[in-house]
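Q: Quick one: this structure, given as structure tokens, is what I'll be asking you about.
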Amino acid sequence: TAGNINPATAGNERWASTVIDNSSAPVALSEPVLHQVQSLVRRRGGMAANSGLAHWTTYALENDYGTRILSPDKRFPNTTTLAGGYTALTFAGRPIMVDKDCLPGHWWMLTMPDLYCYNQGGFYWMDRDNMFLRIKDQMGWEATLLFYSNMGTPRRNVHGVIRGLQEPYRVDQFN
């Protein structure tokens, strides 16, 4: 329940996020599953085709999408350039971004214009002990800059997730 709206209550279902949960029997990543969730997110949120939807997943699932699902004739034209000069694969014209901290087996579809950073205050230096500390065995100093905030959304129904996707490998097994 958020904001006194419980999507499990009859009549409030339209506020729920789209969740496809395959956790009991993980499935392989496929285009039909991605299309299904993307379509549900757009329909439930009443969103236009150019809604700002973006995909977030793990390195393993992004690699699986790029090597197994995309055919060779689609692989390289199917990219986009992100802020900062990064290049990303796309699905249905929307970027696929990778986050090393994304939960394994999860594929998130987030509507970027509906995500907000709620600040708890400004930036400040942590100065409990000493603001600047000398770096051992180097000519340099270090300090810690703090910033507290929360990510939030006023519209849960414009976001979705697929849980329980089979990861072809675990990234941490190579560390």
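For our numbering, add 847 to where a residue sits in the sequence shown, where the first one is 1.
By construction, the Cβ of each residue, glycine as well, lies at the ideal position given by its N, Cα and C atoms.
1) Taking the alpha-carbon of Leu887 as reference, which of Leu876, Arg861, Asn910 has the nearest alpha-carbon?
2) Between the C-alpha atoms of Tyr1016 and Glu909, what's the straight-line distance to the nearest angstrom?
3) Quick test of your reading: Thr856 and Leu900, contact by CB under 8 Å. State the CB separation rounded to the nearest angstrom.
4) With distance defined between alpha-carbon atoms, name the residue in Asp974, Trp988, Met973 nearest to Leu980.
5) Could you say which of Gln967, Leu1012, Met986 lies nearest to Ser996 if we only look at CA atoms?
6) Report all residues from its chain with a CB closer than 8 Å to the CB of Asn1022; omit the five preceding and five following residues, and keep chain order.
7) Let me check understanding here. Comparing Cα to Cα, which of Ile852, Ile1009, Gln883 lies closest to His953?
8) Please list, in chain order, all residues of the same chain as Ala990 whose beta carbon is under 8 Å from its beta carbon, the five residues on each side excluded.
9) Thinking just about the alpha-carbon of each residue, which of Leu1012, Tyr906, Val1005, Gly1007 is nearest to the one in Asp946?
A: On the basis of the supplied data:
1) Of the candidates Leu876, Arg861, Asn910, the one whose C-alpha sits nearest the C-alpha of Leu887 is Arg861.
2) 11 Å
3) Wrong, their Cβ atoms sit about 27 Å apart, outside the cutoff.
4) Trp988
5) Gln967
6) Because the pLDDT of Asn1022 is 46, which lies under 50, any placement of that residue in the model is unreliable, and the number read from its coordinates should be weighed accordingly. By the criterion of a C-beta distance shorter than 8 Å, Asn1022 is surrounded by no residue of its chain, once the five residues flanking it on both sides are discounted.
7) Closest by C-alpha distance to His953, out of Ile852, Ile1009, Gln883, is Ile1009.
8) Excluding sequence neighbours, Ala990 sits near Trp972, Met973, Met978, Phe979, Leu980.
9) Tyr906
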